[in-house]
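Structure first, commentary second.
Number of protein chains: 2
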Amino acid sequence: MAVPPTSHRIDPATGVLSSPTGRYEKRLAELAGIYADADAFAAALAERGDSIVYAVHEVRPAAARGDLIFGTTFMEPGRIGDEFYVTRGHIHARANRPETYYGEAGEGLMLMESPEGETSILEVRPRVMVYVPPLWIHRSVNTGSAPLVMSFCYPADAGQDYGLIARSGGMATRILADGTGWKAVPNADYRPRSAAEIDAILATQD
Amino acid sequence: MAVPPTSHRIDPATGVLSSPTGRYEKRLAELAGIYADADAFAAALAERGDSIVYAVHEVRPAAARGDLIFGTTFMEPGRIGDEFYVTRGHIHARANRPETYYGEAGEGLMLMESPEGETSILEVRPRVMVYVPPLWIHRSVNTGSAPLVMSFCYPADAGQDYGLIARSGGMATRILADGTGWKAVPNADYRPRSAAEIDAILATQD
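Line by line, the protein sequences give chains A and B.
Position 120 of the first sequence, counting from 1, maps to 159 under this note's numbering, and the rest follow consecutively.
Position 47 of the second sequence, counting from 1, maps to 86 under this note's numbering, and the rest follow consecutively.
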């Protein structure tokens, strides 16, 4: 028997997706070590450590191989010092799996990094589809003053790897407030990957 | 080297997707044999045979396996007799590949059929995500009086098979105008698939 079709309404104001198979949220206290300014993070933690930074609604199919996972990401606006709220970020565990992100509400960025350490930054706006190709690390950034809501779609066998970013001391680029806009600055804690690690990622097959 | 990220703006009024890698359109004259009312089709053909029924913008990546194809479908409103305009419809050539369709503008239906011949009909509206699971034949129907625009996403190795529908004399269900709404009626030309053909589709692996 084939799995039955389903439909899901997306609320662009809240990111709520009807009939999800799962939902999770990340609170500020769970994002220790992500931001540059340790003092500002400690202060924010004391003030609003249990506040939500982002929440995900998703629909995961029963079977993995060849299927799709889709859902929404809702990100609160906010900063740690000058640094905008970001998601933890990941590369797919099967590194050659891509992802699409589609702007539903708000203003933000998709911050992406190739295995070699090249940064790519694309603006997310309503009705803008961002394609994160295979092999790119990616993280969302809310650069606006309102929630950033996106819908996403990726192969069901992709998985998430958070270790690659952690081993490099974060992503090569940070996004800071700059007047009413944003600017990209180098991450002082960043340690480029070794040639062997880069080659291993680029060699991902199947 | 990793393929660079890209972003694409969707115009919900026209279905135009910026920076597509491909675009195609289907004109009425290319859809012979799809509709029930042969006389009405002949009359429509004489009157507007070269008019567009639907147009697709798409982004196809270089590599297939594990990647995604995404884009938009724009459908004109219209009818052949009482039958609403539909897309040709397909099952994926790798039949166990799914697809998501997301309403951007207009009102329509996703008309779906399992290998066994079960019909599923889900309404497409702005902000509604329809999940077409693996193994389901699917066709879009514009039941409104304005263009129906959707964005879609599916695995890059899915492919399209149009023969399965043709061999069955179409899909089991047709969508007709009913006052200001729609109704589903049996397709008199439909020939159910054999048990062997059903089994072969359900056995799709990898």
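Just so you know, even glycine gets a beta-carbon here, dropped at the ideal spot from N, CA and C.
Since we're looking at a predicted model, the values are computed, not measured.
- Spanning the alpha carbons of T111/B and R127/B requires a straight line of approximately 15 Å.
- Chain order gives the chain B residues near N135/A as G105, where near means a beta carbon separation below 7 Å.
- The beta-carbon of M151/A is placed less than 8 Å from the nearest beta-carbon of chain B.
- Its chain contains T139, Y141 as the residues whose beta carbon lies nearer than 7 Å to that of M168/A, once the 5 sequence neighbours on both sides are disregarded; these appear in chain order.
- Nearest neighbour of K222/A by Cα position, chosen from P194/A, T53/A, R232/A, G183/A, turns out to be G183/A.
- The three-state reading of DSSP puts I108/A in strand, counting E and B together.
- A straight-line Cα-Cα distance of about 56 Å links I130/B and D78/A.
- In the same chain as Q244/B, and ignoring 5 residues on each side of it, the C-beta atoms closer than 8 Å to its own belong to N135, in chain order.
- Residues of chain B with a Cβ closer than 9 Å to the Cβ of R48/A are, in chain order, R164, R166, V167, M168.
- Interface criterion met: the Cβ of F109/B is under 8 Å from a Cβ in chain A.
- Counting C-beta pairs with one atom in each stretch, the region 226 to 236 of chain A and the region 196 to 209 of chain A have three or more that are closer than 8 Å, which means they touch.
- Remark: C-beta atoms of N181/B and G218/B do not approach each other more closely than 8 Å.
- Scanning the region 55 to 101 of chain B for uninterrupted beta strand (DSSP E) segments of 3 residues or longer gives 61 to 66, 91 to 98, listed from N- to C-terminal end.
- For G202/A, the three-state secondary structure derived from DSSP is helix.
- Chain-ordered, the chain A residues with CB closer than 8 Å to the CB of W175/B read A41, P44.
- The beta carbons of I119/A and A71/A sit about 11 Å from each other, so the pair does not count as a contact at 8 Å.
- Under the 8 Å criterion on CB atoms, P154/B is classed as interfacial with respect to chain A.
- DSSP places E236/B inside the alpha helix (DSSP H), whose first and last residues are 234 to 241.
- Residues of chain A whose Cβ lies closer than 9 Å to the Cβ of D245/B are, in chain order, R104, G105.
- Across the structure, C192/B and R164/A are spaced so that their CA atoms are roughly 19 Å apart.
- Between the beta-carbon of R104/A and that of D196/A there is about 5 Å, and that keeps the pair under the 8 Å contact cut.
- Note on geometry: alpha-carbon atoms of A94/A and E69/B lie some 46 Å from one another.
- If you draw a straight line from the Cα of D106/A to the Cα of V42/A, it is about 11 Å long.
- In the three-state DSSP reduction, Y229/A falls in the coil class, being neither helix nor strand.
- Looking at A81/A, A144/A, L241/A, the one whose alpha-carbon comes closest to that of L174/A is L241/A.
- Interface flag for T139/B against chain A is set, since a Cβ pair is found closer than 8 Å.
- Looking at E86/A, A81/A, I108/A, S46/A, the one whose alpha-carbon comes closest to that of Q199/A is I108/A.
- In this structure P44/A touches V171/B by the C-beta definition: roughly 6 Å separates them, less than 8 Å.
- Ranking G202/B, Y201/B, E162/B by CA distance to the CA of V188/B puts E162/B first.
- Scanning its chain for C-beta atoms nearer than 8 Å, with the 5 sequence neighbours on each side dropped, one finds around P59/A the residues H47, H96, E97, V98, G110, in chain order.
- Residue state for M210/A is assigned as coil, using DSSP reduced to three classes.
- Within the region 48 to 71 of chain B, R48, I49, P51 place their CB atoms closer than 7 Å to a CB of chain A, listed in sequence order.
- With a cutoff of 8 Å on beta-carbon distance, D121/A and L215/A are scored as near each other.
- Comparing alpha-carbon positions, the option among P231/B, L56/B, A235/B, L67/B lying closest to T158/B turns out to be P231/B.
- Taking a Cβ-Cβ threshold of 7 Å, the residues of chain A close to V98/B are Y170, in chain order.
- At a cut-off of 8 Å between beta-carbon atoms, L187/B makes no contact with chain A.
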